[in-house]
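Going by the working numbering, the sequence shown runs without a break in its numbering and finishes at 652.
Just so you know, even glycine gets a beta-carbon here, dropped at the ideal spot from N, CA and C.
All remarks here apply to the structure that follows.
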Amino acid sequence: MRITYQPWGETLAELVDAGRRAEEAGAEVLWTSELHRSATVVAAALAQGTSRARIGTAIALAFVRSPMITALEALDLDELSGGRFVLGLGSGVQRLNELWHNVSFGKPVPHLRETVRNIRHFWQTCTSGAEIALDGDYEPMHIRGYQRPFPVRRVDIPIYLAAMGPQMTRLAGAIGDGWISHELCSPTYLAERVLPELAAGIARTPGKTRSDVDVVVSACCSIDDDPRVARRRVAGLVGFYASVRTYADFFDFHGLAQEQQRVIEAFRSGRGADHLADTVSDAMVDALTMTGDRDRVVERIKAYRGLADSVKLSPPTHGLSAEDTRLAQDQIIAMIADVKEDLA
């Protein structure tokens, strides 16, 4: 099982330094998110600041860029990183797409399927000058008279898809090189809800097997000898995601429907999504994150062995000061070598 990491930084320089330290500790992939920063710009910075770890977006929003722009950025990032790039895409939620970015959301599964089709087709043909004529309900692509004059390092850059619901998870199994979990994901949820849907999607593609799909589970960590400190540090992140009604089935699966409703009511009353920590119960934190002293967190990570191929560790950020996130990050990076040794 691979240990990977999503670095944080108050500045890009600090983020790249964290990525470099995580790489030295043994992280095999460095992931970039897209909320407060651009996933692709941060990926470029990490590509320049590291030498061995793969660089992946977890995730870049699939619909806010055209497939052609996404394809071009991926080619450039793969060149910049020396063939280390992984393109992780996700749909995001409808409100984010339509209200924040003013783009069409539609039905996200066929929309994402067409997006991935276009990206891969563009990679295969962009240097040939051949006409591209792809119809579609969401992403038709018709290009004539275009030829990329630069060499392409790879035409088969891995594409990972973030998915939570069953239909999107089946799509990830069918067309993805990897699946990336939501920021909150328990071993039980992975085993009972995700892996069967991935298997169903894999079965749709002739010749494809489970070993062809890298299952990446996300794990937000908070390490402290005082369990109360560890829990409270990560509670804001749980509150941020619990405020989204789209995730109701996920929280209900864990027996946390009432706890989520309390968070939603606080959010509706005017609380900012980053300021919901005091509405989050210890039960929510314990079920969905990795908290406690180092030994306990290591054991929680090991619980994914045999289920996930990769674990993406990340520090808590929501509702915390930069100093608190910095401390959490340093503790995680210091733990990576220990985890890898235990997993060997």
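Within the same chain, Cβ atoms closer than 7 Å to the Cβ of Thr633 are found at Trp316, Pro623, Pro624 and Thr625, the five residues on either side in sequence being excluded.
If you draw a straight line from the Cα of Leu492 to the Cα of Leu596, it is about 5 Å long. Listed in chain order, the alpha helix (DSSP H) runs fully inside the stretch 543 to 570 are 556 to 561, counting runs of at least 4 residues. For the stretch 361 to 443, the continuous alpha helix (DSSP H) assignments of 4+ residues that do not extend past its boundaries occur at 375 to 388 and 416 to 433, in sequence order. The three-state secondary structure of Met592, taken from DSSP, is helix. In this structure, Gly547 places its C-beta atom within 8 Å of the C-beta atom of Ala585.
Per DSSP, Leu469 lies in no alpha helix (DSSP H); the unbroken beta strand (DSSP E) holding it starts and ends at Ile467 to Ala470. Inter-residue distance for Asp646 and Glu381 is about 35 Å (C-alpha atoms, whole angstroms). Between the alpha carbons of Thr517 and Pro535 lies a distance of about 41 Å. Annotated three-state conformation of Met309 is coil, per DSSP. Look at Ala527 here: in three-state DSSP terms it is strand. Its Cα nearest to that of Ile641, the residue Ala326 stands out among Leu320, Ala326 and Tyr454. DSSP assignment within the stretch 330 to 355 yields the following whole beta strand (DSSP E) runs of 3 residues or more, N-terminal first: 337 to 340.
Only buried fits Ala353, as 16 or more other CB atoms lie within 10 angstroms of its CB. Pairing Ser341 with Gln314 gives a Cβ-Cβ distance under 8 Å.
Non-local beta-carbon contacts of Arg608 in its own chain, meaning distances under 7 Å to residues more than five positions away in sequence, involve Met598 in chain order. One Cα belongs to Ile510, the other to Gly481, and the distance between them is close to 5 Å. Taking a cut-off of 8 Å on C-beta distances, the stretch 496 to 512 does not touch the stretch 449 to 461, as fewer than three cross pairs fall below it. Closest by C-alpha distance to Glu500, out of Met472, Thr319 and Val521, is Met472. Per DSSP, Val647 lies in no beta strand (DSSP E); the unbroken alpha helix (DSSP H) holding it starts and ends at Ala630 to Leu651.
Selection Arg541, Val588 and Phe575 evaluated against Leu635 yields Arg541 as nearest (Cα-Cα). Judged by DSSP in its simplified three-state form, Arg613 adopts strand. Per the C-alpha coordinates, the member of Ala630, Lys648, Glu631 and Glu573 positioned closest to Leu621 is Lys648. Contact annotation: the stretch 383 to 393 touches the stretch 362 to 374, with at least three C-beta pairs closer than 8 Å.
Here Ser551 is near Ala581, since their CB atoms are less than 8 Å apart.
According to DSSP, residue pairing for Ser618 in a beta bridge involves Arg310 and Val524. Annotation: Phe393 to Leu338 spans about 10 Å, alpha carbon to alpha carbon. Taking a contact to require three or more Cβ pairs closer than 8 Å, the stretch 550 to 564 and the stretch 522 to 537 do not qualify as touching.
Beyond the five residues adjoining it in sequence on each side, Glu318 comes within less than 6 Å, by CB distance, of Ala630 in the same chain, given in chain order.
Apart from sequence neighbours up to five positions away, the residues of its chain that approach Thr433 with a beta-carbon distance below 8 Å are Ile440, ordered along the chain. In this structure, the beta-carbon distance from Ala470 to Ile483 does not fall below 8 Å.
Thr597 carries a coil assignment under DSSP once its states are collapsed to helix, strand and coil.
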